[in-house]
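Working notes, beginning with the structure itself.
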Amino acid sequence: MATTTAPQQTASASPGPMKRIILIVLIAIIAAGAAGAGVWFFMAKRAPAATAAEAPPPPAPLFFPLESMTVNLQSDDGQQHFLRIGLTLKLTDPKVQQELTDHMPELRSRILLALSNHHPDDLAPLDGKRALATELQTLIEQPTDKGAPPVHVNDVLFTEFVVQ
Numbered sequence: 000m001a002t003t004t005a006p007q008q009t010a011s012a013s014p015g016p017m018k019r020i021i022l023i024v025l026i027a028i029i030a031a032g033a034a035g036a037g038v039w040f041f042m043a044k045r046a047p048a049a050t051a052a053e054a055p056p057p058p059a060p061l062f063f064p065l066e067s068m069t070v071n072l073q074s075d076d077g078q079q080h081f082l083r084i085g086l087t088l089k090l091t092d093p094k095v096q097q098e099l100t101d102h103m104p105e106l107r108s109r110i111l112l113a114l115s116n117h118h119p120d121d122l123a124p125l126d127g128k129r130a131l132a133t134e135l136q137t138l139i140e141q142p143t144d145k146g147a148p149p150v151h152v153n154d155v156l157f158t159e160f161v162v163q
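Structure below.
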């Protein structure tokens, strides 16, 4: 009787290591599947963001030069001071350029009147020039006709700036 019990123990001991191997293989397959699903999930989310980032580039700026202007500046010291200024407007719409060209006499008049109101000391520092560019941009953007929408000027650039 002792001989019959020994072979049963060896038979039950051998399926144990096989179960471990199968269990390890199943865990490895599940882990690989989870890793693959995670990679797919994160890559699928980034693909639409990449296509959205590839939006069309903004239109190239359109530079509209104005003729140089010379104006007398206000002075408290009794001497005459002059400002010679050249301006270029940075635009994005050719329609705005055409509208400004159509109303150029009025536009130049606005600019000349605004420039003649300044003192030479106000225009000397860099901040004074920046403030002048902002003021001129506001003046130029005002509608020329009653009820017309304002035009959009991206920037006013100085191409010539001489105070004497």
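All residue numbers for the sequence shown refer to numbering that gives the first Met the number 0, where the first residue is 0 and numbers rise by one. The C-beta atom is built at its ideal place from N, Cα and C for all residues, glycine as well.
How many Å lie between residue i and residue j at the Cα?
{"i": "L131", "j": "A54", "result": "35 angstroms"}
{"i": "L61", "j": "L111", "result": "23 angstroms"}
{"i": "A31", "j": "N153", "result": "55 angstroms"}
{"i": "E159", "j": "G146", "result": "34 angstroms"}
{"i": "K89", "j": "Q141", "result": "16 angstroms"}
{"i": "M103", "j": "V161", "result": "23 angstroms"}
{"i": "L22", "j": "G15", "result": "11 angstroms"}
{"i": "Q79", "j": "N116", "result": "14 angstroms"}
{"i": "Q163", "j": "L65", "result": "21 angstroms"}
{"i": "V38", "j": "R19", "result": "28 angstroms"}
{"i": "M42", "j": "G35", "result": "11 angstroms"}
{"i": "E134", "j": "M68", "result": "16 angstroms"}
{"i": "F157", "j": "I84", "result": "7 angstroms"}
Which residues in the same chain as residue i place their Cβ atom closer than 6 angstroms to its Cβ, once the five residues preceding and following it in sequence are excluded?
{"i": "Q73", "result": "H118"}
Quick test of your reading: residue i and residue j, contact by CB under 8 angstroms. State the CB separation rounded to the nearest angstrom.
{"i": "L82", "j": "L122", "result": "7 angstroms"}
{"i": "L138", "j": "R109", "result": "5 angstroms"}
{"i": "P58", "j": "T91", "result": "6 angstroms"}
DSSP three-state label for residue i, please.
{"i": "L65", "result": "coil"}
{"i": "G146", "result": "coil"}
{"i": "G35", "result": "helix"}
{"i": "G85", "result": "strand"}
Span of the alpha helix (DSSP H) holding residue i?
{"i": "V95", "result": "93 to 101"}
{"i": "E53", "result": "No alpha helix (DSSP H) holds E53; DSSP gives it neither H nor E."}
{"i": "A132", "result": "125 to 140"}
{"i": "P119", "result": "119 to 122"}
Can you tell me where the beta strand (DSSP E) with residue i in it begins and where it stops?
{"i": "D154", "result": "154 to 162"}
Whose C-beta lies closer than 8 angstroms to the C-beta of residue i among residues of the same chain, with five residues either side of it excluded?
{"i": "P149", "result": "E140, Q141, P142"}
{"i": "E105", "result": "T143"}
Closer than 7 angstroms by C-beta to residue i: which residues in its own chain qualify, once you throw out the five before and the five after it? Chain order, please.
{"i": "P93", "result": "L61"}
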